[in-house]
Amino acid sequence: MIFVALSGLGAMLHNTSANSYVQTSVNDKTRGRVMSIYAFGHQGLIPVGSLLLGWAASSYGAPMAMLAAGIFCVVSVLFLGPRIIASKS
64 MIFVALSGLG AMLHNTSANS YVQTSVNDKT RGRVMSIYAF GHQGLIPVGS
114 LLLGWAASSY GAPMAMLAAG IFCVVSVLFL GPRIIASKS
């Protein structure tokens with residue numbers, strides 16, 4: 064149960080930090096449009112991911128589906144992380 068609380072705390076900290084970063088990184092004229100795209104990507108695509116993960120879990124088993132999702136996350140960070148850092152410079 065303690066890990067559920069820690070996970071929730073981590074999610075709140077991440078969401079607050081990510082929202083603050085996005086809002087302070089764009090200019091005032093485009094902030095509304097950028098935030099709508101961010102909100103769509105952050106919350107609107109969750110059902111799509113849930114459908115894909117559910118299909119993978121029913122086809123290949125839950126452990127394999129979670130492993131594939133974790134590998135996808137790591138590869139995404141390794142691929143996009145350097146590009147995001149380079150774009151700040």
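In this note's numbering, each residue's number is its place in the sequence shown (first place is 1) plus 63. Here a beta-carbon is modelled for each residue, glycine too, at the ideal position from N, C-alpha and C.
Under the three-state DSSP convention, the category residue i falls into
{"i": "K92", "result": "coil"}
{"i": "M64", "result": "coil"}
{"i": "L76", "result": "helix"}
{"i": "L108", "result": "coil"}
Option nearest residue i by Cα separation, candidates the options
{"i": "A81", "options": "F66, L69, G104 and R146", "result": "G104"}
{"i": "S83", "options": "M98, L114, L72 and M129", "result": "M98"}
{"i": "G117", "options": "A132, S152 and G95", "result": "A132"}
Host alpha helix (DSSP H) of residue i (start-end)
{"i": "F142", "result": "A125 to K151"}
Cβ separation of residue i and residue j, assumed to be a contact under 8 Å, to the nearest whole Å
{"i": "Y101", "j": "V111", "result": "Actually they do not touch by this definition, with Cβ atoms about 16 Å apart."}
Distance, residue j Cα to residue i Cα
{"i": "F142", "j": "L130", "result": "18 Å"}
{"i": "A68", "j": "M75", "result": "11 Å"}
{"i": "L108", "j": "D91", "result": "25 Å"}
{"i": "R94", "j": "N78", "result": "17 Å"}
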